[in-house]
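Trainee: Residue numbers (our numbering): 6 to 253. There's a structure below that I have some questions on.
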Amino acid sequence: MERWGLLDDWAPYIGAVLTWGNVIEDIRIERWGCKEYPGSPPKMRDLQDLILKMEAEGREASAHRGVAATNDTLSVVMGTFRDLGLGYMSVTQAATLAGYRERSPEGYALDTEGALAPLLERAIHLGKKDDLGHFWLAMEVVAALVTTGTATPPPPAPPKGPSGDSPPPPPPPAEGEEEFLPNQGDDDDEEVEPTEAPPSKLPNVAIYRVGDRALYAGIEVEITFAGLPHPQTGEQEIPFAPVVKREV
Numbered sequence: 006m007e008r009w010g011l012l013d014d015w016a017p018y019i020g021a022v023l024t025w026g027n028v029i030e031d032i033r034i035e036r037w038g039c040k041e042y043p044g045s046p047p048k049m050r051d052l053q054d055l056i057l058k059m060e061a062e063g064r065e066a067s068a069h070r071g072v073a074a075t076n077d078t079l080s081v082v083m084g085t086f087r088d089l090g091l092g093y094m095s096v097t098q099a100a101t102l103a104g105y106r107e108r109s110p111e112g113y114a115l116d117t118e119g120a121l122a123p124l125l126e127r128a129i130h131l132g133k134k135d136d137l138g139h140f141w142l143a144m145e146v147v148a149a150l151v152t153t154g155t156a157t158p159p160p161p162a163p164p165k166g167p168s169g170d171s172p173p174p175p176p177p178p179a180e181g182e183e184e185f186l187p188n189q190g191d192d193d194d195e196e197v198e199p200t201e202a203p204p205s206k207l208p209n210v211a212i213y214r215v216g217d218r219a220l221y222a223g224i225e226v227e228i229t230f231a232g233l234p235h236p237q238t239g240e241q242e243i244p245f246a247p248v249v250k251r252e253v
């Protein structure tokens, strides 16, 4: 019950708790897997290097398009927490950690000496059978991020009417007028001038969610975090990781 009291309202942060829970559970599973299977650490380290390389390429591509990260400090916090938690040491990993420190010194310090440092230590030492510990620990991480002002605030709720209900829908169009719907098709073959339709609020791009999968450089990857679309470009901050299919 103490964890539930860390925030007044958890509803806007459920997605963040699930995302951080996945990160913490990966730390627990991979650390115990490397302990039980002595031959796996070099392979897991190489896989981590591949993930870091793909993430760096994604940031570089976004920079070339002039698209800034939605919350680079939070991205550094999560990346540092994950990488220090997994504990793989390589030239690529060392360079990545140095890059985190350069991109956001305050975000890096939050993991190494700030509010998340003791939580990171607990994530590293989660028990082999503690399959719910990641969720409770994720709640503490999210609460710490909200308290320190690092987490992106949730979007405001829609305005309420005088009675406390949501505002009523707009009235139907007057007789003789046609209501415009975004991306509405035209059954006729007549050509329509581009100026006749108002511009869309967002460009016609895909909106990604946590758990979506796709092929990247021939490798199946899964999105681990999906930021809000940029209001002009539609670009999202979408860190991803290769899908590891474990044999049963």
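The beta-carbon is built from N, C-alpha and C at its ideal position, and this holds for glycine as well.
For the beta strand (DSSP E) that contains Val226, what are its first and last residues?
Mentor: Run containing Val226: Ile224 to Ile228, per the beta strand (DSSP E) assignment.
Trainee: Please classify Asn188 as buried or exposed, where buried requires at least 16 other C-beta atoms within 10 Å of its C-beta.
Mentor: Reliability of the predicted coordinates at Asn188 is poor, the pLDDT of 47 falling under 50, and no value is obtained from them.
Trainee: Can you give me the C-alpha to C-alpha distance between Pro46 and Gln53, rounded to a whole angstrom?
Mentor: Approximately 10 Å, taken between the alpha carbons.
Trainee: State buried or exposed for Asp111, treating a residue as buried only when at least 16 other CB atoms are found within 10 Å of its CB.
Mentor: Inspection of the sequence shows that residue 111 is occupied by Glu rather than by Asp. Glu111 comes out exposed.
Trainee: Can you tell which of Glu240, Val226, Glu145 and Thr238 has its C-alpha closest to the C-alpha of Trp15?
Mentor: Per the Cα distances, Glu145.
Trainee: So what's Arg8 in DSSP terms, helix, strand or just coil?
Mentor: Arg8: coil per DSSP, three-state reduction.
Trainee: Just reading off the alpha helix (DSSP H) that Ala100 is part of, what are its end residues?
Mentor: Note, Ala100: alpha helix (DSSP H), Val96 to Arg108.
Trainee: Tell me the residue span of the alpha helix (DSSP H) that contains Leu220.
Mentor: Not the alpha helix (DSSP H): Leu220 falls in the beta strand (DSSP E), residues Arg218 to Tyr221.
Trainee: What does DSSP give as the partner residues of Pro247 in its beta bridges?
Mentor: BP columns for Pro247 point to Val226.
Trainee: Comparing alpha-carbon positions, which option in Ile224, Trp25 and Phe230 lies nearest Arg124?
Mentor: The displayed chain sequence assigns Leu, not Arg, to residue 124. Comparing Cα-Cα distances from Leu124 to each of Ile224, Trp25 and Phe230, the minimum goes to Trp25.
Trainee: From what residue to what residue does the alpha helix (DSSP H) around Glu35 run?
Mentor: Unbroken alpha helix (DSSP H) run through Glu35: Ile19 to Glu41.
Trainee: If we ignore side chains and look at the alpha-carbon of each, how far apart do Ala120 and Arg50 end up?
Mentor: When rounded, the distance between both Cα atoms is 27 Å.
Trainee: Can you tell which of Gly232, Ala211, Glu225 and Arg33 has its C-alpha closest to the C-alpha of Gly92?
Mentor: For the residues Gly232, Ala211, Glu225 and Arg33, the minimum Cα distance to Gly92 belongs to Arg33.
Trainee: To the nearest angstrom, how far is the alpha carbon of Glu183 from that of Leu89?
Mentor: Per-residue confidence for Glu183 stands at a pLDDT of 47, beneath the threshold of 50, marking its modelled position as unreliable; the derived number appears in the next sentence. Using only the alpha carbons, I get a separation of about 58 Å.
Trainee: Are the CB atoms of Ala128 and Ile29 nearer to each other than 9 Å?
Mentor: In this structure, Ile29 lies closer than 9 Å to Ala128 by Cβ.
Trainee: Can you tell me the Cβ-Cβ gap for Ile243 and Ile224, rounded? I've got them flagged as a contact below 8 Å.
Mentor: So it is not a contact: roughly 15 Å between Cβ atoms.
Trainee: Since I believe Arg214 is in contact with Val248 (beta carbons under 8 Å), could you give me their beta-carbon distance rounded to a whole number of angstroms?
Mentor: Rounded, the Cβ-Cβ distance is 16 Å, inconsistent with contact.
Trainee: Going by DSSP, what residue range makes up the alpha helix (DSSP H) through Ala149?
Mentor: Start and end: Gly138 to Thr153.
Trainee: Could you check the C-alpha separation between Leu131 and His139 for me, to the nearest Å?
Mentor: Using only the alpha carbons, I get a separation of about 8 Å.
Trainee: Which same chain residues, not among the five before or five after Tyr18, have their C-beta less than 6 Å away from its C-beta?
Mentor: Same-chain partners within the cutoff: Val147.
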